[in-house]
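Structure first, then comments.
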Amino acid sequence: MKNFFLKYQYPIAIIVIGLVCLHLLNYLLQLDAQHLIYPDSEDYHSSAEKMFLKFTGHYYRPMLMAFITGLPYLFGSSHEGIYEWSFYVNVFCWLATSLLLFEIAKNFLNAKGAFLVALLPFFLVGNIAINYHLLTEPLYTFFIVTAFYFLFRYYKTKQFLWLSLTLSLLLLSMLIKPGSKFLAIVFCLYFIKEWHQNYKTKSALLLYFSVLLIVIQIIGMRVQYGNFTLSYIDGVTYHNYLFSKSDGYRKGTEYHQINNPRADFIFGQIDFPHQKIVAVADRNEQLQHNTLNVLKAYVSDVFDNTKSGNVCIQDLKNEKNKPYFENMKLFFFNVSKWQNRFFTLLGLALALWFVYRNYRSANPFAKMGFFIFYIIILSGVSCSQGDRFHLVTFPFVFLLGAYWWSEKTKLVSKN
885 MKNFFLKYQY
895 PIAIIVIGLV
905 CLHLLNYLLQ
915 LDAQHLIYPD
925 SEDYHSSAEK
935 MFLKFTGHYY
945 RPMLMAFITG
955 LPYLFGSSHE
965 GIYEWSFYVN
975 VFCWLATSLL
985 LFEIAKNFLN
995 AKGAFLVALL
1005 PFFLVGNIAI
1015 NYHLLTEPLY
1025 TFFIVTAFYF
1035 LFRYYKTKQF
1045 LWLSLTLSLL
1055 LLSMLIKPGS
1065 KFLAIVFCLY
1075 FIKEWHQNYK
1085 TKSALLLYFS
1095 VLLIVIQIIG
1105 MRVQYGNFTL
1115 SYIDGVTYHN
1125 YLFSKSDGYR
1135 KGTEYHQINN
1145 PRADFIFGQI
1155 DFPHQKIVAV
1165 ADRNEQLQHN
1175 TLNVLKAYVS
1185 DVFDNTKSGN
1195 VCIQDLKNEK
1205 NKPYFENMKL
1215 FFFNVSKWQN
1225 RFFTLLGLAL
1235 ALWFVYRNYR
1245 SANPFAKMGF
1255 FIFYIIILSG
1265 VSCSQGDRFH
1275 LVTFPFVFLL
1285 GAYWWSEKTK
1295 LVSKN
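Position in the sequence shown counted from 1, then plus 884, gives you our numbering.
Written as structure tokens, this is what we have:
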């Protein structure tokens, strides 16, 4: 037993420290006593209910998120049990992400340095708070970090199995967050030569299985709702956020996420194909005739997603009537706000550096930078989401920062 603890002392310490941080913030902010359920969470719950109880797909939320969310229904779970289950899924993914960061960082740091990198996510208060809600961010972050862990293995061993696992997870991430589709496509095109050279191998079956699930999702949407699409969420999102704000600039009206007449209009369409038609027509009209305001709205959205604090903390209520609660809430909300600002800007700087210096190199660092760019650029289609968009990039900010520092200190020591 002693040898076991010595061998796995760092992973055990990571899990223990993570759980301590989780319980400490929960105690101070009453995270497990809240009753607020966000509209997105209701959608994810609805998608699980449709899959397991009605055997249909959801118009906005793809099948993999629905499947993972709804697993307890197989064992007779209540609807409330789905939300409890989501907490344990989120915490597992949150802890597993840090364990993977430790394994990745060991490629360029000693064990103690990698251990410190793995602890950094535990001090992101937004990361902890979001664990208590049925949202995709913890699961999606885990998928992407796992994909890059396999990519490190591929570059180290040159075995196609690891690349197949990487691309498979990126493809499957589309069935968690549809916005990940262009990321997956870019990576698959980048490695298309390696895929073609190994298309007959057993390892390639993982890729074909992932593609099959995507095809099933797309065909299922066509059969059930009318369009070949992963989800209808993309049109609704850019219509209700980016183009609602740009239309407001054009008309001289202020954008509001709540009580948005454009959102009421699109949700009032007779079916989802008509929602898509309305969103696409509005997008094309504004890109052609309201270009400057669209650009202004886009910059405003990215700025908003960069400067904002965590909404899950902002919306907390003092359910236990603790006298210190409001001060703690304000303090941690401000911490989440400045963490978002600092790590987003640092991430952009590191991404630019590594993409510029390593885009031709056979290593994962430029690709991490590309992922950071991708998420921040994508965040411009929406706003008023706090730090939700950018939180998923922060593990890669930590890795790139640690690698940059390790290279810098090596250079200084040589001089």
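Beta carbons: idealized from backbone N, C-alpha and C, even for Gly.
So the candidates are the options; which of them puts its Cα closest to the Cα of residue i?
| i | options | result |
| --- | --- | --- |
| Leu1059 | Leu1114, Lys1086, Tyr1083, Phe1257 | Leu1114 |
| Ile896 | Leu979, His1080, Tyr1208, Ser1128 | Leu979 |
| Leu890 | Ala995, Tyr1016, Ala989 | Ala995 |
| Leu1056 | Asn1082, Tyr1024, Gln1108, Thr1085 | Tyr1024 |
| Arg1106 | Ile921, Ala932, Ser1064, Phe1156 | Phe1156 |
| Thr1020 | His1274, Ser961, Lys1042, Leu1284 | His1274 |
| Ser1318 | Gln918, Arg945, Ala917, Asp916 | Since the first residue shown for the chain is 885 and the last is 1299, residue 1318 is missing from the structure and cannot be characterised. |
| Cys1196 | Leu948, Ile921, Trp1079, Trp1046 | Ile921 |
| Leu1214 | Leu1234, Gly1193, Leu948 | Gly1193 |
| Lys1129 | Ile901, Ala1147, Trp1079 | Ala1147 |
| Phe1227 | Pro1005, Asn1242, Leu1053, Tyr1083 | Pro1005 |
| Asp1118 | Val1219, Lys1065, Ile1098 | Lys1065 |
| Gln914 | Thr1293, Phe1254, Asn1202, Ser1245 | Asn1202 |
| Glu968 | Ala917, Lys938, Ala998 | Ala917 |
| Leu948 | Lys1206, Leu1053, Gly1231 | Leu1053 |
| Lys1084 | Phe1044, Leu1003, Gln1172, Asn1242 | Phe1044 |
| Phe1007 | Ile898, Pro1207, Thr1041 | Ile898 |
| Leu878 | Ile901, Ile952, Ser1048, Thr1050 | The structure shown does not extend to residue 878, since the chain spans only 885 to 1299, so no value can be given for it. |
Would you mind reading off the limits of the alpha helix (DSSP H) that contains residue i?
| i | result |
| --- | --- |
| Val973 | 963-989 |
| Gln1159 | 1156-1173 |
| Val1001 | 995-1003 |
| Glu1291 | 1278-1298 |
| Phe1149 | 1145-1151 |
| Asn1011 | 1009-1014 |
| Val1195 | 1195-1198 |
| Phe1273 | 1272-1275 |
So, are the CB atoms of residue i and residue j less than 8 Å apart?
| i | j | result |
| --- | --- | --- |
| Val1070 | Ala1286 | no |
| Asn1015 | Phe971 | yes |
| Leu993 | Ser1290 | yes |
| Phe1280 | Val1009 | no |
| Val1164 | Ile1150 | no |
| Phe1026 | Thr981 | yes |
| Gly954 | Glu933 | yes |
| Thr1190 | Asn1218 | no |
| Tyr1133 | Lys1180 | yes |
| Phe936 | Leu958 | yes |
| Phe1238 | Leu1284 | yes |
| Ser1268 | Gln1108 | no |
| Leu1126 | Asp1185 | yes |
| Lys1160 | Asn1111 | yes |
| Val975 | Leu906 | yes |
| Pro1277 | Ile1260 | According to the sequence displayed, residue 1277 carries Thr and not Pro. The answer is yes: Cβ separation under 8 Å. |
| Leu1091 | Leu1035 | no |
| Tyr943 | Tyr1116 | yes |
Check: Mind pulling the alpha helix (DSSP H) runs of 4 or more residues that sit fully within the segment 1103-1133?
Finding: 1117-1124
Next item on the list: Output the residue ranges of the alpha helix (DSSP H) runs that lie fully inside the segment 911-949 and measure 4 residues or longer, sorted by chain position.
Entry: 923-933
Notebook entry, point to check: In chain order, which alpha helix (DSSP H) runs of at least 4 residues are fully inside the segment 1037-1086?
Noted result: 1044-1057, 1065-1074, 1076-1081
Next item on the list: Counting only runs of 4+ residues fully inside the segment 1204-1254, write out the alpha helix (DSSP H) ranges in chain order.
Entry: 1209-1242
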